[in-house]
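For reference, the structure discussed in these notes is given below.
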Amino acid sequence: MVADVERLRGVLEDVLVRLTDADVAAPSRLPGWTRGHVLAHLAGVGSSAARQLEHARARRLVDFYDGGRPGRDAAIEAGAGAPAEVHARDALAAALRVESALAALGPEDWDAPTRYRDQPATAVAHAWWRELGIHLVDLDLGVGQDVWSPALLDHLVEFLAPRVPAGVLVALVPGGGASRWELGDGGLVRVHAERAEDLVAWLAGREPSGPVTAERDGEPVSLPELGPWP
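Residue 60 in full-length UniProt numbering sits at position 60 of the sequence shown, and the numbers go up by one each step.
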């Protein structure tokens, strides 16, 4: 996971060196958010994740966001309109700070408690992995879902499994072959796409790059209505 975080940070760095003020002001793939909103969020969540890891190593507990969710939202709105140079500086600094905090963790530190969902430091590291991978694509700056490694795809499916509605067993089937993942419990619905990344994008509430369809007992059906993010 740590090596993949570093790889994704390298992708982010490549994006940031080309970033312009016009890019920042343009819409992202997230409804209602400019790219500046996504970048401000990345900088904020990266700094918060790093702080959790730093304090976990010292066995101290601090809130994930100053001011909770309202404070997080206010910081994103306040920072979204910053110039490209500021966004590039802050997003990269936050990503590097997370990597530094991860590198400082000893074997005994990964299970140290944090206030990120009252879960250990490992969960914080996984959260940053998800945020970095997904929001790189949300920026809509030339990075597609193929940036998601097989390990990240598996992790995202595991994390997002609670979105599957009750009473449904969803089999995610890439490339017309056997199911790669099965989520939930109940009546079987097979969800098909040519690429595994498209199935995970659908599960994450993102726009797949190709068609995603569903069938039950060999008959086409609507895609299951997913619940909120866990």
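Even for Gly, the Cβ is constructed at its ideal location relative to N, Cα and C.
Kindly identify the DSSP beta-bridge partner or partners of residue i.
i: residue 183; result: 170
i: residue 189; result: 170
i: residue 216; result: 219
i: residue 34; result: 27
Determine, using beta carbons only, whether residue i and residue j come nearer to each other than 8 Å.
i: residue 224; j: residue 200; result: no
i: residue 231; j: residue 23; result: The structure shown does not extend to residue 231, since the chain spans only 1 to 230, so no value can be given for it.
i: residue 88; j: residue 19; result: yes
i: residue 98; j: residue 50; result: yes
i: residue 46; j: residue 128; result: yes
For residue i, count neighbouring Cβ atoms within 10 angstroms of its own Cβ and tell me buried if that reaches 16, exposed if not.
i: residue 229; result: exposed
i: residue 197; result: buried
i: residue 90; result: buried
i: residue 136; result: buried
i: residue 213; result: exposed
i: residue 28; result: buried
Could you check which residue in the options has the C-alpha nearest to that of residue i?
i: residue 118; options: 72, 79, 56; result: 56
i: residue 77; options: 10, 217, 39; result: 39
i: residue 181; options: 138, 171, 36; result: 171
i: residue 219; options: 192, 226, 208, 52; result: 192
i: residue 168; options: 29, 222, 111; result: 222
i: residue 143; options: 5, 12, 205, 6; result: 12
i: residue 62; options: 124, 37, 195, 166; result: 124
Does any residue of chain D have a CB that is nearer than 8 Å to the CB of residue i?
i: residue 104; result: Note that chain D does not occur in the displayed structure, where there is just one protein chain.
Where are the beta strand (DSSP E) runs, 3 residues long or more, that stay fully inside the stretch 72-122, in chain order? Counting whole runs of 3 or more residues, the stretch 72-122 contains no beta strand (DSSP E) stretch at all.
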